[in-house]
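Asker:
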Amino acid sequence: MAASHVSSVSLSLNDRLYAGLVALLLGGFLVFGAGLANSSVLHDTAHDTRHSYGFPCH
131 MAASHVSSVS
141 LSLNDRLYAG
151 LVALLLGGFL
161 VFGAGLANSS
171 VLHDTAHDTR
181 HSYGFPCH
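Under the numbering used here, the residues of the sequence shown are numbered 131 to 188, in order.
In structure tokens:
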């Protein structure tokens, strides 16, 4: 019989807000920054990914 151990770390409100802001900025860059990039390969890849997730892009 295998035993498992779960540990958790308690984060303060400031730490959670900071992590959320970083995630929001990174996600915004990935969706909108790559979508507006001049490189046709990068744009086409982002465009196809948006379509596969059902994100309206045009």
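Beta carbons are placed, not taken as given, at the ideal position from N, Cα and C, and that holds for glycine.
Which term fits Ala-176, buried or exposed, when burial requires 16 or more other beta carbons within 10 angstroms of its beta carbon?
Answerer: With 16 or more Cβ atoms within 10 Å of its Cβ, Ala-176 is classed as buried.
Asker: Consult DSSP for Val-136 and reduce its assignment to one of helix, strand or coil.
Answerer: Three-state result, Val-136: coil.
Asker: Helix, strand or coil for Leu-112? Go by DSSP, reduced to three states.
Answerer: What is shown of the chain runs 131 to 188, which leaves residue 112 out entirely.
Asker: If you draw a straight line from the C-alpha of Gly-157 to the C-alpha of Val-171, how long is it?
Answerer: Their backbone Cα atoms lie some 19 Å apart in a straight line.
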